[in-house]
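Per UniProt numbering, the very first residue in the sequence shown carries number 1; after that it's consecutive. To keep things clear, I will list the structure first and then write my remarks on it.
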Amino acid sequence: MVWVAFFVFICILAYMWWEAHRNRVVRIELTFPQFPSSFRAFSIFFISDLHRRILAKKIVKEIKGKADIVLVGGDLTEKGVPAARVKENIRRLKMIGPVYFIWGNNDYEAEYDLRSLLVEEGVHILENSAVMLQSPDGEKLALIGVEDMSKRRARLDKALQGVDEEAFRILASHNPKIVGRLRPEHRISLVISGHTHGGQIRFFSFGLYEKGGLKSVNGTAVYVSNGYGTTTIPLRLGAPAETNLITIRSRKEEDKEKMLV
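Below is the structure:
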């Protein structure tokens with residue numbers, strides 16, 4: 001019986017290691033009536049919480065040519081991760097598209113100048129700021145990024161300064177608790193976050209945090225990713241590692257396409 005129990009234990013550990021090192025791309029299709037139709041579709045490759053992992057080349061190959069931008073949702077690194085590994089991850093992400101970055105709580109632990117490394121690699125850093133993206137017809141999309149909430153650096157008011165009133169607004173925050181600060185006048189349509197790892201190790205429906213996924217909070221769509229890496233121990237259970245391809249369309253445009261079928 002002892003050997004059987006030991007064998008079962010090893011199998012469970014092996015499965016948890018496999019879940020922690022999976023290379024999944026979870027695809028999410030979202031439609032909004034207020035999304036500018038001249039964009040047709042806008043796709044974001046979202047990757048959060050890499051920590052100590054190296055992005056698999058198979059994911060780069062799978063996503064290349066399918067995303068308009070790459071959004072790194074924080075915790076690109078942590079204490080003890082060499083700069084060379086971070087640089088390699090960034091270079092692989094750049095093969096997919098222009099890279100935008102927001103800070104996570106563990107990024108501040110880097111034992112080198114992470115900001116300088118990102119700037120040298122041509123990464124757009126969103127530090128309580130926004131970037132305006134424009135369609136050929138002049139319609140605008142605002143990608144808004146705040147710093148990490150747990151470090152008390154998040155300044156949503158500052159990030160929204162100068163954002164075009166008519167722009168479709170996407171907010172990137174490492175910590176999903178930012179939704180508690182949203183007000184109707186902010187007009188945020190979509191929040192994209194990570195940080196929680198989906199609880200990382202879950203027993204049935206129980207975990208330290210909610211499992212990642214899409215939900216609506218006071219009329220705002222909120223997507224929280226399980227993340228790609230792990231913290232403390234390289235194991236997962238019930239919240240497998242993931243990256244995300246988030247495609248946004250106009251609901252009106254989608255209705256038009258259905259009518260043509």
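Note that CB positions come from ideal geometry on N, CA and C, so glycine has one too. These numbers come from a predicted model, not from an experiment.
Asked                                                                       : Found
Local conformation of Leu55 per DSSP, three classes                         : coil
For His197 and Arg187, the rounded distance between their alpha carbons     : 27 Å
Three-state secondary structure assigned by DSSP to Ser225                  : coil
Start-to-end residues for the alpha helix (DSSP H) that takes in Ile12      : Val2 to Ala20
Local conformation of Ser173 per DSSP, three classes                        : coil
Residue range of the unbroken beta strand (DSSP E) whose run includes Val99 : Val99 to Phe101
Cα-Cα separation between Glu29 and Ser225, rounded to whole angstroms       : 14 Å
Leu118 - containing beta strand (DSSP E), residue span                      : Careful: Leu118 lies outside any beta strand (DSSP E), inside the alpha helix (DSSP H) at Leu114 to Glu120.
Span separating the alpha-carbon of Asn175 from that of Asn105              : 9 Å
Span separating the alpha-carbon of Ser38 from that of Ser116               : 36 Å
Nearest-angstrom Cα separation, counted from Arg92 out to Phe101            : 14 Å
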